[in-house]
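Enquirer: Residues are numbered in our numbering as their position in the sequence shown, beginning at 1, plus a constant of 9.
Note that CB positions come from ideal geometry on N, CA and C, so glycine has one too.
The structure displayed is predicted, hence computed values, not measured ones.
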Amino acid sequence: MTFKVLLQYLLPHRALSRVVYWATRWTFVPWKNFLIGQIVRRYQVDMAQAAQPDPFAYQHFNAFFTRKLRPDARRADADPQALLSPADGRISQSGRIVDGRIFQAKGQEYTSAELLGDEAAAAPYRNGRFATIYLSPRDYHRVHMPLAGTLKETVHVPGRIFSVAPFAVEAIPRLFARNERLVCHFESERGPFVAVMVGAILVSSVATVWDGLVIPPYAPAIRRKSFAGQNISLERFAEMARFNMGSTVILLLPDGMAEFDELQPQQVVQVGQRLGRCTN
Numbered sequence: 010m011t012f013k014v015l016l017q018y019l020l021p022h023r024a025l026s027r028v029v030y031w032a033t034r035w036t037f038v039p040w041k042n043f044l045i046g047q048i049v050r051r052y053q054v055d056m057a058q059a060a061q062p063d064p065f066a067y068q069h070f071n072a073f074f075t076r077k078l079r080p081d082a083r084r085a086d087a088d089p090q091a092l093l094s095p096a097d098g099r100i101s102q103s104g105r106i107v108d109g110r111i112f113q114a115k116g117q118e119y120t121s122a123e124l125l126g127d128e129a130a131a132a133p134y135r136n137g138r139f140a141t142i143y144l145s146p147r148d149y150h151r152v153h154m155p156l157a158g159t160l161k162e163t164v165h166v167p168g169r170i171f172s173v174a175p176f177a178v179e180a181i182p183r184l185f186a187r188n189e190r191l192v193c194h195f196e197s198e199r200g201p202f203v204a205v206m207v208g209a210i211l212v213s214s215v216a217t218v219w220d221g222l223v224i225p226p227y228a229p230a231i232r233r234k235s236f237a238g239q240n241i242s243l244e245r246f247a248e249m250a251r252f253n254m255g256s257t258v259i260l261l262l263p264d265g266m267a268e269f270d271e272l273q274p275q276q277v278v279q280v281g282q283r284l285g286r287c288t289n
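1. Which residue comes first and which comes last in the alpha helix (DSSP H) that contains Y290?
2. Whole angstroms is fine: what's the gap from V49's alpha carbon to S94's?
3. Does DSSP put P146 in a helix, a strand or coil?
4. Are the beta-carbon atoms of A122 and A114 separated by less than 8 Å?
5. Would you call E198 buried or exposed, if buried means 16 or more other Cβ atoms sit within 10 Å of its Cβ?
6. Closer than 7 Å by C-beta to Q53: which residues in its own chain qualify, once you throw out the five before and the five after it? Chain order, please.
7. Assuming R99 contacts Q276 under a Cβ cut-off of 8 Å, what Cβ separation, rounded to an integer in Å, is found between them?
8. Closest to V164 by C-alpha separation, out of Q279, A204 and A140, would be which residue?
9. Assuming A157 and L243 form a contact by the criterion Cβ under 8 Å, report the distance between their Cβ atoms to the nearest whole angstrom.
10. Go through its chain and collect everything with a Cβ distance to T75's Cβ below 7 Å, but skip five positions before and after it.
11. Have a look at F176, T141, R110 and P80 and flag the residue whose alpha-carbon is nearest the alpha-carbon of L272.
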């Protein structure tokens with residue numbers, strides 16, 4: 010085990026994330042401009058795509074990080090059968106779920122039941138398909154709908170807040186099933202699907218368009234919230250949530266709903282880009 014990985018086990022994850030949560034919302038101009046400038050320069054952020062292209066015009070760092078894009082910056086694939094990427098980022102892994110097991114990296118795997126926090130809820134995805142998308146600090150941090158759907162339930166699953174950078178994903182067993190996360194269950198005209206918002210160290214805050222800020226607070230136990238009968242329906246390509254700083258989105262689809270294209274690990278993707286094609 011490298012020192013970098015060992016540190017992931019030793020650091021006080023939630024305490025650090027709480028500090029970062031407030032630090033990224035401090036409106037003190039020299040502070041927020043320093044943080045923004047560091048990210049723009051280090052990660053070569055393309056501000057020309059932002060609705061507000063001046064990085065220092067944002068009220069605080071988190072407002073910059075969750076910035077809105079120009080309306081023409083992203084387009085949904087024109088094929089109505091196309092399954093859309095929900096986020097900007099890189100493909101970590103994608104493919105078939107084999108007897109309920111999802112490939113993580115280099116011999117690491119976890120189960121869909123562990124990820125969703127519910128054996129029964131995982132049953133439709135036992136031999137389905139998955140896609141894991143990693144968002145880096147340079148990426149657009151709003152998450153969109155891969156296809157139209159009606160929200161049925163969210164499940165806030167408590168856990169650690171390990172880094173989701175490639176070095177950690179390759180070294181920490183069952184990482185995505187251990188981190189704090191928000192599981193969003195949808196029903197579409199093609200069947201059910203799940204979008205999982207996975208938290209990460211320093212960047213574990215998640216907000217949704219229907220509930221606002223959901224994480225923090227951090228959960229002491231699994232928290233379920235039913236939206237049955239509330240008719241919260243979101244169109245394909247519509248914004249559904251955002252990471253207050255970056256992390257990972259995991260899509261789960263049941264067998265027979267869609268086939269993914271030949272997606273390669275570390276392949277760059279953008280919101281609205283085709284990931285595959287619906288087959289039902």
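Expert: Checking against the coordinates, here is how it stands:
1. With the chain covering only 10 through 289, there is no way to say anything about residue 290.
2. Residue 49 sits at position 40 when you count from the first residue of the sequence shown. Residue 94 sits at position 85 when you count from the first residue of the sequence shown. Taking the straight line from one Cα to the other gives about 24 Å.
3. Taking the first residue of the sequence shown as position 1, residue 146 is located at position 137. Looking at P146 - three-state DSSP - the assignment turns out to be coil, as it is neither helix nor strand.
4. One-based indexing of the sequence shown puts residue 122 at position 113. One-based indexing of the sequence shown puts residue 114 at position 105. Not closer than 8 Å, so no.
5. As a working note, residue 198 is residue 189 in the sequence shown. Under this definition E198 is an exposed residue.
6. Locating residue 53 in the sequence shown gives position 44, where the first residue counts as 1. Answer for Q53: R147, listed in chain order.
7. Locating residue 99 in the sequence shown gives position 90, counting from the first residue. Locating residue 276 in the sequence shown gives position 267, counting from the first residue. Contact holds; Cβ gap of about 6 Å.
8. Along the sequence shown, one-based indexing puts residue 164 at 155. It is A204.
9. Counted from its first residue, the sequence shown places residue 157 at position 148. Counted from its first residue, the sequence shown places residue 243 at position 234. Confirmed, Cβ separation roughly 7 Å.
10. Here residue 75 refers to the residue found at position 66 of the sequence shown. Correct list, in chain order: H150, R151, R251 and N253.
11. On the sequence shown, residue 272 is found 263 positions in, with the first residue counted as 1. For the residues F176, T141, R110 and P80, the minimum Cα distance to L272 belongs to T141.
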